[in-house]
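Undergrad: Mind looking over this structure? Questions follow.
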Amino acid sequence: MQAALCSIRIIKKVPDLAEIFINPAAALLKEKHHGILITGLQLCTDLCKVSSEALECFRKKCTESVVKALKDIVSSPYAPEYDVSGIADPFLHIRLLKFLRILGQGDADASERMNDILAQVATKTESNKNAGNAILCECVETIMSIEDSGGLRVLAVTILGKFLSNRDNNIRYVALNMLMKAAVDTQVVQRHRATILECVKDSDATIRKRAHRTTGQLSPQSSG
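With positions in the sequence shown counted from 1, the corresponding number in my numbering is that position plus 527.
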């Protein structure tokens with residue numbers, strides 16, 4: 528893990544050396560130890576930022592490994608050392624989802640290979656705890672960013688619609704922000720128009736402002 532952390536620092540200082548770290552970084556994605564895997568995911572993420580060669584390599588060779596790692600954590604039995612509010616290592620969940628987003632964005636083949644696990648995360652993650660909501664937010668962000676045929680987007684927008692009824696203003700704000708981005712992609716957002724309009728009357732000024740902007744995004748579609 529220390530070697531991976533050093534590699535992250537080297538890449539940030541000398542991006543031209545990225546190529547020599549691609550294969551060692553890819554090997555870390557098969558690690559079972561959560562700490563090493565999280566560090567490996569950070570290393571791979573940083574490599575993708577500075578090297579298109581790294582991104583293409585990880586898309587072709589590592590998408591399946593990352594999908595498997597997410598499947599394993601989603602279906603893992605209770606482990607007290609990783610448990611947060613009944614969810615197994617939400618930090619690893621989120622790091623895996625972030626990396627899948629990088630792999631799937633702009634690549635239909637990689638996106639297709641992650642569709643099933645994203646649907647599983649979206650439907651099986653408990654939304655009554657902060658850890659679960661954080662994972663769901665990341666899952667929705669990933670679904671909205673990859674090349675999807677539409678089925679997953681309906682599921683993602685449904686999750687955001689549920690978030691609008693949450694008592695936590697932070698979650699509602701995030702949901703409105705994501706719905707505003709989604710409004711240009713899908714008319715399914717219209718199903719939640721009434722709930723969004725309720726947010727326009729909210730006592731929190733930040734929520735009201737964001738709700739106004741979101742309804743503004745919906746208006747052209749609703750008149751069409």
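From the three backbone atoms N, C-alpha and C, an ideal C-beta is built for every residue, glycine too.
Check for me: the alpha helix (DSSP H) holding histidine 561 runs from which residue to which?
TA: Going by DSSP, histidine 561 is part of the alpha helix (DSSP H) stretching over 561-577.
Undergrad: Rounded to the nearest angstrom, what separates phenylalanine 618 and lysine 587 at their Cα positions?
TA: Each residue's Cα considered, the two are about 25 Å apart.
Undergrad: Would you call the segment 627-646 and the segment 656-664 in contact, with 3 or more CB pairs under 8 Å?
TA: Judged by Cβ distances under 8 Å, the segment 627-646 makes no contact with the segment 656-664, as fewer than three pairs qualify.
Undergrad: Sort out for me which residues DSSP pairs valine 611 with in a bridge.
TA: Its beta-bridge partners are Ile614.
Undergrad: For glutamine 529, is the classification buried or exposed, using 16 other Cβ atoms within 10 angstroms of its Cβ as the cut-off for buried?
TA: exposed
Undergrad: Can you give me the Cβ contacts of isoleucine 600 inside the same chain, cut-off strictly under 8 Å, excluding the 5 residues immediately before and after it?
TA: Ala615, Asp616, Leu619, His620 and Leu623
Undergrad: So, glutamate 674 versus alanine 635, is the Cβ gap smaller than 8 Å?
TA: Contact flag set, yes.
Undergrad: For lysine 539, which residues from the same chain have a beta carbon less than 6 Å from its beta carbon, with the 5 sequence-adjacent residues on both sides left out?
TA: none
Undergrad: Less than 7 Å between C-beta atoms, sequence neighbours within five positions excluded: which residues of the same chain meet that for valine 727?
TA: Arg735, Ala738, His739 and Thr742
Undergrad: May I have the straight-line CA-CA distance separating valine 594 from phenylalanine 585, to the nearest angstrom?
TA: 12 Å
Undergrad: To the nearest angstrom, how far is it from the Cα of alanine 552 to the Cα of alanine 606?
TA: 26 Å
Undergrad: Consult DSSP for glutamine 632 and reduce its assignment to one of helix, strand or coil.
TA: coil
Undergrad: Within its chain, find whatever has a CB closer than 6 Å to the CB of cysteine 575; leave out the 5 residues flanking it on each side and keep chain order.
TA: In chain order, Ala581, Leu582 and Ile629 place their CB closer than 6 Å to the CB of cysteine 575, counting only its own chain and leaving out the 5 sequence neighbours on each side.
Undergrad: Compute the distance between the beta-carbons of serine 672 and glutamine 632, then report whether it is under 8 Å.
TA: Closer than 8 Å, so yes.
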